[in-house]
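Trainee: All letters in the sequence shown, in the order written, are residues 1 to 279 by the UniProt record's numbering. Backbone N, C-alpha and C define an ideal beta-carbon position, used for all residues, glycine too. The following block contains the structure, expressed as structure tokens.
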Amino acid sequence: MPPDPTTTSVRSAGLSSSSSALARAESPSACEPTSDPWSTFHITPTSPLRALYSTVRQSCAGCGKGRKVFCPKCGVALGHDPPRVALPVKVVVYRDPREVEAKSTSAHAKILAPAHVEVKVENLVKPDPSVPSSLTEYTHPERVLLLFPSDDALPLSEVPDLSKFDKLIVLDGTWKQGRAMATALAHLPFQHVSIQTRTTLFWRYQPFGEHHLSTIEATYWFFRDHFAALHPGQAYDGRYDDLLFYFKLQWELIQEFYKTNREKTFTTRKLDAEAYIRY
């Protein structure tokens, strides 16, 4: 089975139904099966992490579970010092409680930008009345952006006074779960925003097409659009590219597994399955 940065299993790597893409979201050359989709990014080399796969799993100090590379539950790196990314706004990711943590990419953001990202596992749709809601923490909802392609969502380039917003909410779950979470937040005056159309490199299959992104992809491209909106005409310098550090590692491992094991067949349930593995 293709290795996964946390559990080394296909199922944990996310090769099952559903998608955590929650934005209208074409990375360069992403659709060309023989091209390198990472050639235009400035991502810290992932090769040093390969040695971690030949060692025993490490016990996470937070939860005690044996993991490789990182713990998705606690959002901490194991056996290495990951690159760090500084973000211009704070990010709060709400993960649906039914979304399996090892399949989600939201932990990537928490590990790589720990000073700026928080992941909350909270039932926004059917909240437990005995559990205090974190929604009361937003004392200035007029300064909060919600990344979701609702009918009234604006591209970042069209958001008035974009620089005043200091917090971003990202919804992490299946498309159905994401819509339900967005509906549950509809009573709050958050500014809904969308990102430009881009092609996913995610390995999990979902029925909505190649422009539905994983959570970490959507978060990354949000910051690319945010940079472009606040710095028109200025060349992007790669400052956020390491948000895709673990995502790139996982993509590479899956590619290598199927290239090495030609008798294995990549899931045919993925819409772009025939072109996904770049032989």
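1. Applying the criterion that 16 or more other CB atoms from any shown protein chain within 10 Å of the CB defines a buried residue, is His108 buried or exposed?
2. Closest by CA to Asp96, which one among Phe190, Lys126, Leu112, Ser39?
3. Here's the rule: buried if 16 or more other CB atoms are within 10 angstroms of the residue's CB, otherwise exposed. What is Thr174?
4. Taking the continuous alpha helix (DSSP H) assigned at Gln177, which residues delimit it?
5. Could you name the residues that DSSP lists as bridge partners for Asp172?
6. According to DSSP, simplified to helix, strand and coil, what is Phe67?
7. Label Glu217 either buried or exposed according to how many other C-beta atoms from any shown protein chain fall within 10 Å of its C-beta, with 16 as the threshold for buried.
8. Jot down the residue ranges of each uninterrupted beta strand (DSSP E) in the region 94-170, minimum 3 residues, whole runs only, in chain order.
9. Pull up the DSSP beta-bridge partners for Gln234, would you.
10. Assess, as a yes-or-no matter, whether the region 54-70 is touched by the region 179-197 under the definition of 3 or more beta carbon pairs within less than 8 Å.
11. Can you tell me whether Gly64 is buried or exposed, with buried defined as 16 or more other CB within 10 angstroms of its CB?
12. In this structure, does DSSP put Gln58 in helix, strand or coil?
13. Measure how close the beta-carbons of Gly233 and His42 come, nearest whole angstrom, since I'm counting them as under 8 Å.
14. Measuring alpha carbon to alpha carbon, tell me which residue in Leu112, Asp81, His80 is nearest Tyr240.
15. If I follow the unbroken beta strand (DSSP E) through Val193, where does it start and stop?
16. Classify Ser16 as helix, strand or coil using the three-state DSSP reduction.
17. Can you confirm whether the region 89-106 touches the region 115-124 when touching is taken to mean that 3 or more C-beta pairs between the two stretches lie within less than 8 Å?
18. Taking 7 Å as the limit between beta carbons, can you name the residues of its chain near Ser38, skipping five residues before and five after?
19. Taking 8 Å as the threshold, find out whether the region 151-168 comes into contact with the region 192-199 through three or more Cβ pairs.
20. Express the C-alpha separation of Gly79 and Gln58 in angstroms, rounding to a whole number.
21. How many Å lie between Tyr220 and Pro141 at the Cα?
22. Under 9 Å between the Cβ atoms of Asp225 and Pro155?
23. Which partner residues of Ala77 appear in the DSSP bridge assignment?
24. Confirm, please, whether the CB-CB distance from Tyr236 to Phe245 is below 9 Å.
25. Let me know if Ser104 comes out buried or exposed under the rule of 16 or more other beta-carbons within 10 Å of its beta-carbon.
26. Exposed or buried, which one is Ser27 when buried takes at least 16 other CB atoms within 10 Å?
27. Is it buried or exposed for Ala102, if we count other Cβ within 10 angstroms and need 16 for buried?
28. Does the beta-carbon of Glu158 have 16 or more other beta-carbons within 10 angstroms, so that it is buried, or is it exposed?
29. Give the secondary structure of Lys248 by DSSP, where H, G and I count as helix, E and B as strand, and everything else as coil.
Mentor: According to the structure shown:
1. His108 is buried by the Cβ-count criterion.
2. The shortest C-alpha separation from Asp96 is found at Lys126.
3. Its Cβ being crowded by 16 or more others within 10 Å, Thr174 is buried.
4. Looking at the DSSP string, the run of the alpha helix (DSSP H) that includes Gln177 is 175-184.
5. Per DSSP, Arg95.
6. In the sequence on display, residue 67 carries Arg and not Phe. Here Arg67 sits in strand by DSSP.
7. Around the Cβ of Glu217, a 10 Å sphere holds 16 or more other Cβ atoms; the residue is buried.
8. For the region 94-170, whole beta strand (DSSP E) runs of length 3 or above, ordered along the chain, are 117-121, 144-147.
9. According to DSSP, which records beta bridges pairwise, Gln234 is partnered with nothing at all.
10. No, they do not touch.
11. With fewer than 16 other beta carbons inside 10 angstroms of its own, Gly64 counts as exposed.
12. DSSP, read as helix, strand or coil, puts Gln58 in strand.
13. Actually they do not touch by this definition, with Cβ atoms about 20 Å apart.
14. For the residues Leu112, Asp81, His80, the minimum Cα distance to Tyr240 belongs to Leu112.
15. Here the beta strand (DSSP E) through Val193 covers 191-194.
16. With a pLDDT of only 29 at Ser16, under the threshold of 50, the placement of this residue in the model should not be trusted; the figure read from the coordinates follows. Three-state result, Ser16: coil.
17. The region 115-124 and the region 89-106 touch, with no fewer than 3 CB-CB distances between them shorter than 8 Å.
18. The question names Ser, but residue 38 in the sequence shown is Trp. The beta carbon of Trp38 is closer than 7 Å to those of Lys248 in its chain, skipping five residues each way along the sequence.
19. Inter-segment contact for the region 151-168 and the region 192-199 is present: three or more beta-carbon pairs are separated by less than 8 Å.
20. Each residue's alpha carbon lies about 8 Å from the other.
21. The C-alpha of Pro141 is placed about 22 Å away from the C-alpha of Tyr220.
22. Taking 9 Å as the Cβ cut-off, Asp225 and Pro155 qualify as a contacting pair.
23. Looking at the DSSP assignment, Ala77 forms a beta bridge with Phe70.
24. Going by C-beta atoms, Phe245 is not nearer than 9 Å to Tyr236.
25. The residue in question, Ser104, is buried, as its Cβ has 16 or more Cβ neighbours within 10 Å.
26. Confidence is the limiting factor: at Ser27 the pLDDT is only 48, short of 50, which leaves the residue's position unreliable, though a coordinate-based value still follows. Ser27 is buried by the Cβ-count criterion.
27. By the neighbour-count criterion, in which 16 or more other beta carbons inside 10 Å mark a residue as buried, Ala102 falls on the buried side.
28. Note on Glu158: under 16 other CB atoms within 10 angstroms of its CB, so exposed under the neighbour-count rule.
29. In this structure, Lys248 counts as helix in the three-state DSSP scheme.
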